[in-house]
Amino acid sequence: IENGVMFTLPARLAKQGVNKVRIELDASDTYTMTTLKVNARRDESIEIQCESLIYCDQLEATFEDMTGVYTRF
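At position 3 of the sequence shown the residue is numbered 6 (the working numbering), and the sequence of numbers has no breaks.
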């Protein structure tokens, strides 16, 4: 990913089977966050949800909404 980051979540941690998250910086200085369910054995990747026009101060809340994983308590 040229203008972003992709990371893996532990199996069965996030809702809807999400196990990868991709965050990309857009030309408008906002972010696009995509959640994926990747099955390496079957060589398949399913896009679960994609949100765009996210400002930097909204990244944490958007991540929590999309994955069900809290970043702090």
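Glycine included, each C-beta is placed from N, C-alpha and C at the ideal position.
- Assigned with DSSP and collapsed to three states, G20 falls in helix.
- Residue environment: Y34 is assigned as buried (16 or more neighbouring CB atoms within 10 Å of its CB, all protein chains considered).
- The continuous stretches of beta strand (DSSP E) do not include T33, and DSSP gives it neither H nor E.
- The three-state reading of DSSP puts T74 in coil, since its state is none of H, G, I, E or B.
- Looking at the DSSP output, R25 sits in a beta bridge with M9, T37.
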